[in-house]
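Engineer:
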Amino acid sequence: MSKVRILIVENEAVIAMNIFDILEDLGYDVLEPATTYVEALDMLKSDQPDLAILDIRLSGTKTGIDLAHHINDEYELPFIFL
């Protein structure tokens, strides 16, 4: 059975790496954190995560809520807001 692959979308590096380290220590396959809406879109397409953890405030003009709408429209992917 393969590990659950998790995408973290968080623009604050310290928080993103803290979440990354905790999830990796728990045995999950954690992708490098995305900091913007555009980075997250690219990773959704290329890395096909099983779960996304989304910050609401992101760098740039789009928010985590915008990303959640896109995920709901395009993917069957659960997500959690921070």
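Just so you know, the sequence shown maps onto residues 15 to 96 in this note's numbering.
Cβ coordinates follow ideal geometry from the N, Cα and C atoms, glycine included.
Treat the numbers as computed from the prediction; the structure is a model and nothing was measured.
State the beta-bridge partners of Arg-19 as determined by DSSP.
Structural biologist: Asp-43
Engineer: Which residues in the same chain have their Cβ closer than 8 Å to the Cβ of Pro-63, if we skip the five residues on either side of it in sequence?
Structural biologist: Arg-19, Ile-20, Leu-21, Leu-45, Met-57 and Leu-91
Engineer: Starting from the Cα of Phe-95, find the closest Cα among Asp-87, Thr-77 and Tyr-89 and give me that residue.
Structural biologist: Thr-77
Engineer: Can you tell me whether Thr-75 is buried or exposed? The criterion is at least 16 other CB atoms within 10 Å of its CB, across all chains shown.
Structural biologist: Taking every protein chain shown into account, the CB of Thr-75 has fewer than 16 other CB atoms within 10 angstroms, so this residue is exposed.
Engineer: In the DSSP assignment, the alpha helix (DSSP H) including Ile-67 goes from what residue to what residue?
Structural biologist: Premise fails: Ile-67 lies in the beta strand (DSSP E), 65-68, not in any alpha helix (DSSP H).
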